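Scroll down for the structure; my scribbles are underneath it.
Numbering (full-length UniProt numbering), first residue to last: 1 to 521.
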């Protein structure tokens, strides 16, 4: 048994040595094919012919393998067979292979075939409208109707090559499109590439393919549960794990830093609690303490420690200085600096787009814009631009402002706020009649005030957004598009797959329709 396992390992190793870039799935198929031919040890490689491998490998790959194996078998220390024996063996093997092929066909490597059609796929530019080609060749952005026509043509061509293209295929072809016409198709705002640069194309291609498949695909019937525990639902723990880790680079630390011990972690935690109670502290010292105790903070959060306990043990975690330090360790990005830099690059153009294009197309956005201009009056500044931006995004996506902002009296303290009206997700409490007139903000999580004194609106936005990541909180469905747009466009977190949106089985999930915003220049 051990000898057979060793032989299998040797066979696989011999293949991967010659073709190191071969995917694991294809490697396994090649191994199975060789075994079906009768290859039991590496000594049998000398009898394998190129034709035997063409059903699973490309011609060049097959030639490389055969040439390498022949060279090895003819090397010093290996007795080469006489011509007659070699010829006889070859003819016998060919005959045996032919008869075996008629009885039991060579394995069908679907993964390889799928990969092949994508690799050889040609963009059908000859079918593109003349107006579209003029835009692409001149490096201009096509108007939405031409872009949609391009998506329809490319998706139809993809489905000719493969009836059911995967998201991976859409991604690869979107890369080709953007690579060929970057000036016209790349996701860019103010010269700054948004995410991968082809995210909106992938979503449009996949949406078109899904729509076309919907008419041809029979309805899938869910299997019946065999017991109470056997259901079609993904366990809550698994769903939380996927959504919690979304966009994070250091979500779970398996080991404590070598410079730290449990005692040193507890000592630093106690020191931060002392500094918090003193109400006077050095921000740099707190930042350093937060960074060095990140391991303990993540363990407490990921283990599901109650919110009140977290507030008592890690009070800085709910304030800008602490949440910024934790967020940077978690995502690899500075919270406030990333947001301000993105606002500086993209904010004005986004506001201009809302005021000119969206307001003319959508009555809801027009009414919101008129209301905000009245509330803002003559105020000028970056903070007020951000207020415009947030409130207009909520209107554009038709999402619930009350889930993000709760308004209370200007003089109200934390104890005066009606917590029964607060959502469970992070919410900014505005102490004033509007975001423009307010000089103080609070943050609530799980219907409890966790920070009762935030002086700046931008700080409130950063603390609110950072809380979703640092505390493993999912985006509520009522804010899914606004928060995802902020995440990708202004906080520069752009995972290629997954979501941080709370999934509700009873309600249809709509995708973030921000592609028209992402493709602005």
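A virtual CB, placed ideally from N, CA and C, is assigned to each residue, including glycine.
On a predicted model such as this, the values are computed, not experimentally measured, just so you know.
Residues near residue i in its chain [Cβ-Cβ closer than 6 Å; skip 5 each side]
i: residue 359; result: 365, 366, 369
i: residue 401; result: 394
i: residue 165; result: 158, 209
i: residue 117; result: 161, 162
i: residue 167; result: 206
i: residue 295; result: 253, 256
i: residue 54; result: 62
i: residue 281; result: 275
i: residue 475; result: 483, 500, 501
i: residue 127; result: 153
i: residue 191; result: none
i: residue 72; result: none
i: residue 38; result: none
Same chain, Cβ closer than 7 Å to residue i, neighbours up to 5 away in sequence not counted
i: residue 399; result: 478, 479, 481, 482
i: residue 194; result: 187, 188, 488, 489, 518
i: residue 329; result: 250, 291, 294
i: residue 436; result: 375, 376, 379, 384, 387
i: residue 175; result: 198
i: residue 139; result: 183, 184
i: residue 426; result: 443, 445, 464, 467, 468, 473
Whole-number beta carbon distance between residue j and residue i, since they are thought to touch under 8 Å
i: residue 184; j: residue 135; result: 6 Å
i: residue 468; j: residue 500; result: 7 Å
i: residue 27; j: residue 11; result: About 10 Å separates the two Cβ atoms, so there is no contact after all.
i: residue 446; j: residue 424; result: 5 Å
i: residue 311; j: residue 252; result: Not a contact, Cβ separation roughly 22 Å.
i: residue 390; j: residue 473; result: Not a contact, Cβ separation roughly 18 Å.
i: residue 413; j: residue 452; result: 7 Å
i: residue 212; j: residue 155; result: 7 Å
i: residue 318; j: residue 450; result: 4 Å
i: residue 196; j: residue 494; result: 6 Å
i: residue 132; j: residue 144; result: Rounded, the Cβ-Cβ distance is 12 Å, inconsistent with contact.
Cβ of residue i within 8 Å of any chain D Cβ
i: residue 207; result: No chain D appears in this structure, which consists of one protein chain only.
Counterpart residues of residue i in DSSP-defined beta bridges
i: residue 209; result: Beta-bridge pairing links residue 209 to no other residue.
i: residue 448; result: 445
i: residue 429; result: 406, 442
i: residue 475; result: 501
i: residue 454; result: 441
i: residue 525; result: Coverage of the chain is limited to positions 1 through 521, which leaves residue 525 absent and any answer about it impossible.
Residues of its chain near residue i, where Cβ-Cβ distance is below 8 Å and the 5 sequence neighbours each way are ignored
i: residue 283; result: 321
i: residue 111; result: Reliability fails at residue 111, whose pLDDT of 44 lies under 50, so the model's placement of it is uncertain and the value that follows must be treated cautiously. Within the same chain, residue 111 has close Cβ partners 23, 25, 26, 29.
i: residue 497; result: 167
i: residue 308; result: 448
i: residue 31; result: 8, 11, 12, 15
(message) Measuring CB atoms only, is the stretch 323-336 touching the stretch 476-483, in the sense that at least three cross pairs come out at less than 8 Å?
(response) The stretch 323-336 makes no contact with the stretch 476-483: fewer than 3 CB pairs, one atom from each, lie closer than 8 Å.
(message) When you compare the stretch 448-457 with the stretch 412-431, are there three or more beta-carbon pairs, one atom per stretch, that lie closer than 8 Å?
(response) yes
(request) Say whether the stretch 287-305 touches the stretch 317-327, bearing in mind that this needs 3 or more beta-carbon pairs closer than 8 Å, one atom from each stretch. (result) yes
(message) Is it the case that the stretch 303-311 contacts the stretch 271-290, given that we only count it when at least three CB pairs across the two stretches are under 8 Å?
(response) no
(message) Threshold first: 4 residues or longer. Then list the alpha helix (DSSP H) segments lying entirely within the stretch 103-191, N to C.
(response) For the stretch 103-191, whole alpha helix (DSSP H) runs of length 4 or above, ordered along the chain, are 110-119, 130-138, 144-161, 167-180, 182-185.
(request) Starting from the N-terminal side, write out each stretch of the alpha helix (DSSP H) that is 4 residues or longer and does not extend beyond the stretch 42-76. (result) For the stretch 42-76, whole alpha helix (DSSP H) runs of length 4 or above, ordered along the chain, are 50-53, 59-73.
(message) Please give the ranges of any beta strand (DSSP E) in the stretch 296-382, keeping only runs that are unbroken, at least 3 residues long and fully inside the region.
(response) none
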